[in-house]
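If you're matching positions, the sequence shown starts at 89 in our numbering and goes up one per residue.
Just so it is clear, CB atoms sit at the ideal spot from N, CA and C, and this is done for glycine as well.
Report on the following structure.
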Amino acid sequence: MVSPKDVRRLTDSTDHHVLTLYFNTRSDQSRSAYPARLRSLLHAIEPGVTNGERKQYEQTADRLMNFISQYQPAGNSLLVFAGPKSWDEFPSRIPVRDEANWGLPGTAQLLWLIEEYRPYGVLVAGTEHVRFLSVRLNEFEAFEEFHAKIDTSQWRERRVGTKGRGTTQKGGRSVEAFDQRYMEHVRHFWKTLHKPLAELLERHRIRRLVLAGTKSVLPEFAKSLPSDINNLVVSQVNLETFISAADTVRRVLPEITAWEQKRERAVVDELFGAAGISKQAAVGVDPVLKFLQEGRAMRLVVAKGFDAEVSRCTQCLNVGVSTNSHCAKCSATDLRKVSLTAILPRLVVDHRLPVEVVKGEPAKELAQSGGVGAFLRF
89 MVSPKDVRRL
99 TDSTDHHVLT
109 LYFNTRSDQS
119 RSAYPARLRS
129 LLHAIEPGVT
139 NGERKQYEQT
149 ADRLMNFISQ
159 YQPAGNSLLV
169 FAGPKSWDEF
179 PSRIPVRDEA
189 NWGLPGTAQL
199 LWLIEEYRPY
209 GVLVAGTEHV
219 RFLSVRLNEF
229 EAFEEFHAKI
239 DTSQWRERRV
249 GTKGRGTTQK
259 GGRSVEAFDQ
269 RYMEHVRHFW
279 KTLHKPLAEL
289 LERHRIRRLV
299 LAGTKSVLPE
309 FAKSLPSDIN
319 NLVVSQVNLE
329 TFISAADTVR
339 RVLPEITAWE
349 QKRERAVVDE
359 LFGAAGISKQ
369 AAVGVDPVLK
379 FLQEGRAMRL
389 VVAKGFDAEV
399 SRCTQCLNVG
409 VSTNSHCAKC
419 SATDLRKVSL
429 TAILPRLVVD
439 HRLPVEVVKG
449 EPAKELAQSG
459 GVGAFLRF
């Protein structure tokens, strides 16, 4: 998948001669049909290519067609950002909607995918090993395991017993003392992982974390974590044994799905409540665009699949849904109709807004009220 660094670079690009392709490569799509599907997408955008850009466009389109004709699928989708002197390709397991456009890099669908399919971190705790997984969809993308070296072979046996009148000393190995010493070494091992685990969470941009382990280990491991890691935990899953990475994903995925559904329900309820009582939120395309461009939006909520037609002023770049023939901000008459899903991600990046993409029943309710909402700063 595309890295956050790549997303930022593509979104900030000022190159107006980029051919962007989002292409479905799932197994139910025939490879022999790839060229025809791409040709259809290109025919749809060719009327918008100016005469001055025609040569660059045709060279880039030919290059892309040659590539797609020979492409061997490496996932469920392919993202390509091709320019006359540039080329970025990203195979992905995340499904996409077929799309092509010419101009600035088309990052709209990409940004929605990143917001919708944020990775989860999974920490699987054992006494002498801890496993880290970065999980997206139903598979793990990254894997790392840490092992402790606790050598108990040289530990002295400790004799315990009592002496009393008329009795002899009784002794045996103190299991309790041995276990206590062993757990002290385990806790020390867990403590040494704080820094490398924090680095892994940052590297993979993990903001939601699931802890897993046996009933005897999991509570102790959770208590051993520093607050900055514990604050990311959204669920804990009991495992009978320390299982494989693939089995772990299958076990924790229902917990992740359930937490996501609960979170999205809570987000939409909070949004409607804030909009209706305290006016600390707005719902609907027109007010959300207004508050977003004024810098008052604090967090955006979008129903998956929602779209609308909006107007963008070519003079001041203001975006709105007004049916008037002039810009509401600068009164210019040069307005261009654009898709909300095409323009909103760039506004989100420009204003550095966090985004929540909701699905299911909460998305249906939000769509009935305008499809988008925003929590306000003041």
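- One alpha carbon belongs to D94, the other to L441, and they sit about 18 Å apart.
- For the pair G209 and R291, the Cα-to-Cα distance works out to about 11 Å.
- DSSP places Y208 in the uninterrupted beta strand (DSSP E) bounded by Y208 to A213.
- In this structure, DSSP gives Q324 an extended state, which the three-state scheme calls strand.
- Rounded to whole angstroms, the Cβ separation of V218 and L281 is 6 Å, and the two are in contact under 8 Å.
- By alpha-carbon distance to A188, the top candidate from S118, Q197 and R181 is Q197.
- For V446, the closest alpha carbon among the candidates N326, K350, E227 and P342 is that of K350.
- DSSP assignment within the stretch 96-138 yields the following whole alpha helix (DSSP H) runs of 4 residues or more, N-terminal first: 122-133.
- CA-to-CA, the gap between L129 and G194 works out to about 14 Å.
- Short of 7 Å from the beta carbon of H104, and not among the five residues preceding or following it, lie these beta carbons of its own chain, in chain order: G191 and L192.
- Look at N318 here: in three-state DSSP terms it is helix.
- Closest option to V325, judged by alpha-carbon separation, among A213, A385 and V409: A213.
- The criterion of a C-beta distance shorter than 9 Å is satisfied by E229 and S222.
- D176: member of the beta strand (DSSP E) spanning S174 to S180, first to last residue.
- Secondary structure of A162 (DSSP, three-state): coil.
- R465 and L98 have their alpha carbons spaced roughly 28 Å apart.
- Below 8 Å, too few C-beta pairs join the stretch 398-407 and the stretch 447-460 to call them touching: fewer than three.
- Restricting attention to L388, W278, H276 and R295, the CA atom closest to the CA of L432 is found in L388.
- About 5 Å separates the CB atoms of V376 and A462; that is less than 8 Å, so the two are in contact.
- Judged by DSSP secondary structure, E141 falls outside any alpha helix (DSSP H); it is assigned neither H nor E.
- CA-to-CA, the gap between D335 and E264 works out to about 33 Å.
- Burial is judged here by how many other beta carbons sit within 10 angstroms of a residue's own beta carbon; E352 has at least 16 and is buried.
- Going by beta carbons, L320 and W278 fall outside the 9 Å limit.
- In the structure shown, G408 falls within a strand segment according to DSSP collapsed to helix, strand and coil.
- P342 is classed as exposed because its beta carbon has fewer than 16 other beta carbons within 10 Å across all chains shown.
- L166 sits close to F111, with the two beta carbons spaced by under 9 Å.
- Ranked by how close their Cα comes to the Cα of L435, the residues P123, C415 and L380 have L380 in first place.
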